[in-house]
Amino acid sequence: MKLLAARLHHLELPLVSPFTTSFMTQTHKRCFLVEMELETTDGTVVTGWGENVALDRPFYSPEHLDGSAEVVARWLVPELVAAGEITAETVHHHLRRVIGNPMAKASVEMAVLDAQLRSEGKSFASYLGAVSSAVPSGVSVGIQDSAAQTVRVVGGYIDEGYARIKLKIQPGADIEHVAAVRREFGDELLFQVDANAAYTLVDAAHLRRLDEYGLLLIEQPLGEADLRQHAELAKQMSTPICLDESIDSAETAADAISLGSAAVINIKPGRVGGYLEARRIHDIARAHGIAVWCGGMLETGIGRAANAALAALPGFTLPGDISGSDRFYALDITTEPIRMHDGVVDVPAGPGFGIEVDPDRVAEFRTALVEIQL
Ligand code: OSB
Ligand code: MG
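If you read the sequence shown in the working numbering, its first letter stands for residue -8, the second for the next number, and so on.
Below is the structure:
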């Protein structure tokens, strides 16, 4: 395929409720969609959509939204134009001169992948080799002001039917909140926590207090670069350690596994540079007997649909942060929202990512439209 046009749709969507992590509170989601027109070898013009998941501020990873958009327009798209003939499978290679910026790269690869699959009439799930038609749907619950409020919010999601609860924690909002949820909802609840790098190895004795609550895992307790220290922490507590921020490529996944830093890996396609790298990490982890699950970045229906397909690979043995669109948004930008029902999200079966972008909704939430000059 050959790139004919590329444009960025900058969006701002209100969240149904504020989302607080150890690093910031979000009330709105800002992101941009990458729309690409490509010409296939037989001369057909096809459109594909990608979604960029960089956060507003560089508080989760080094990337931030405005910088990521600049990298796409100024450095990545020109590399694809210079490459001439491209396929989804060669995008990663063509972008190799640009260091880092995985979320920018992922959004570009997504648009090419969606276009390619649409031109072939093939779903992303069948392209990947998905083995299930629905995936268990977990929900990520932000830090609340009190343990009582945490119980109320978690209870609401349990009533909706979510298959697994992930609770954000930080020093001062951890043991007591976890204990309250366990007391209220019992030992059967699939329950895990996410610290977003809020602790240090000095907190090991404190974190060990979580062991008595039968958590599925603790996600990213220590710093992004602390692979060795996570391995040390793993020796000091029985709750399985899952890495999120630390894993930015198949190589770091391999290192984390061989160092004993992670018993579980959260795979986020944006964080690792795209869905194809995400699949490589799945393959490596599966070969080592390491469980993986699909993380989320408050995606719109585009990223949510793609994540559901990824999570249908056989190594995704734990429920992902793949909730219904209504977990974050009253209105999504796809013609049909992603729905959670009976604790699962259906894997889209249509061509490409299997959703249709709603142009009116995109226009409604759009703050800027940038046509990239090729
Ligand atoms: O650490 O998993 C995280 C959202 C933004 C940044 C980091 C994280 C998250 C979430 C939300 O937990 C997961 C979701 O999209 O449902
Ligand atoms: Mg996380």
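The C-beta atom is built at its ideal place from N, Cα and C for all residues, glycine as well.
Bridge partners - residue i, DSSP secondary structure assignment
| i | result |
| --- | --- |
| residue 13 | Residue 13 is not bridged to any residue. |
| residue 257 | 284 |
| residue 37 | 29 |
| residue 331 | 336 |
| residue 363 | -3 |
| residue 234 | 256 |
| residue 43 | 23 |
| residue 183 | 157 |
| residue 210 | 185 and 233 |
| residue 114 | 343 |
| residue 76 | -7 |
| residue 193 | Partner(s): none; residue 193 has no beta bridge. |
| residue 307 | 283 |
Residues near residue i in its chain [Cβ-Cβ closer than 8 Å; skip 5 each side]
| i | result |
| --- | --- |
| residue 109 | 37, 38, 39, 342 and 343 |
| residue 149 | 156, 176 and 180 |
| residue 368 | The displayed coordinates of the chain run from -8 to 365. Any statement about residue 368 would go beyond what the structure contains. |
| residue 333 | 152 |
| residue 146 | 175 and 176 |
| residue 339 | 114, 115, 116, 296, 299, 300, 345 and 346 |
Residue i Cβ short of 7 Å to ligand 4 heavy atom set
| i | result |
| --- | --- |
| residue 187 | No copy of ligand 4 appears in this structure; the ligands present are ligand 1 and ligand 2. |
Residues near residue i by beta carbon distance below 7 Å, same chain, minus five either side
| i | result |
| --- | --- |
| residue 144 | 132 and 135 |
| residue 269 | 258, 260, 263 and 301 |
| residue 138 | 167, 168 and 171 |
| residue 113 | 342 |
| residue 199 | 227 and 228 |
| residue 92 | 54, 59 and 62 |
| residue 74 | 85 |
| residue 8 | none |
Cβ-based neighbour list, residue i, same chain, cut-off 6 Å, excluding 5 preceding and 5 following
| i | result |
| --- | --- |
| residue 105 | 39, 40, 343 and 344 |
| residue 4 | 20, 320 and 356 |
| residue 273 | 283, 304 and 306 |
| residue 204 | 169 and 173 |
| residue 248 | 279 and 281 |
| residue 65 | none |
| residue 295 | 329 |
Helix, strand or coil at residue i [DSSP, three-state]
| i | result |
| --- | --- |
| residue 128 | strand |
| residue 3 | strand |
| residue 357 | strand |
| residue 323 | coil |
| residue 301 | helix |
| residue 146 | helix |
| residue 122 | coil |
| residue 107 | helix |
| residue 18 | strand |
| residue 314 | coil |
| residue 163 | coil |
| residue 58 | helix |
| residue 215 | coil |
| residue 169 | helix |
| residue 50 | coil |
| residue 63 | helix |
| residue 348 | strand |
| residue 240 | coil |
| residue 249 | helix |
| residue 8 | strand |
| residue 291 | coil |
| residue 134 | coil |
Whole-Å CB distance - residue i paired with residue j, under 8 Å assumed
| i | j | result |
| --- | --- | --- |
| residue 26 | residue 102 | 7 Å |
| residue 44 | residue 94 | 5 Å |
| residue 19 | residue 357 | That pair is no contact at about 14 Å. |
| residue 219 | residue 250 | 6 Å |
| residue 252 | residue 279 | That pair is no contact at about 12 Å. |
| residue 42 | residue 291 | 6 Å |
| residue 275 | residue 245 | 6 Å |
| residue 299 | residue 336 | 5 Å |
| residue 96 | residue 71 | Incorrect: roughly 11 Å between the Cβ atoms, too far for contact. |
| residue 233 | residue 208 | 4 Å |
| residue 142 | residue 158 | Their Cβ separation, rounded to whole angstroms, is 10 Å, which puts residue 142 and residue 158 out of contact at 8 Å. |
| residue 369 | residue 311 | The chain is shown only over -8 to 365; residue 369 falls outside these bounds and no answer can be derived. |
| residue 186 | residue 210 | 7 Å |
| residue 230 | residue 201 | 5 Å |
| residue 188 | residue 111 | With 8 Å as the limit, residue 188 and residue 111 do not qualify as a contact, their Cβ atoms being about 40 Å apart. |
| residue 191 | residue 206 | Incorrect: roughly 20 Å between the Cβ atoms, too far for contact. |
| residue 325 | residue 351 | About 12 Å separates the two Cβ atoms, so there is no contact after all. |
| residue 128 | residue 154 | 6 Å |
| residue 46 | residue 293 | Their Cβ separation, rounded to whole angstroms, is 17 Å, which puts residue 46 and residue 293 out of contact at 8 Å. |
Neighbour flag for residue i against chain B, beta carbons, 8 Å
| i | result |
| --- | --- |
| residue 165 | Reference to chain B is not applicable here, since this structure consists of a single protein chain. |
Three or more C-beta pairs under 8 Å: does that hold for the stretch 308 to 324 against the stretch 83 to 100? no
Determine contact between the stretch 164 to 171 and the stretch -7 to 0, defined as no fewer than three beta-carbon pairs at a distance below 8 Å. no
Segment contact, 8 Å Cβ cut-off, at least three pairs: the stretch 277 to 295 with the stretch 244 to 256: yes
Would the stretch 58 to 66 count as touching the stretch 113 to 127 if we require 3 or more Cβ pairs under 8 Å? no
I'd like to know if the stretch 68 to 80 and the stretch 4 to 17 are in contact, where contact means that at least 3 CB-CB pairs between them fall below 8 Å. no
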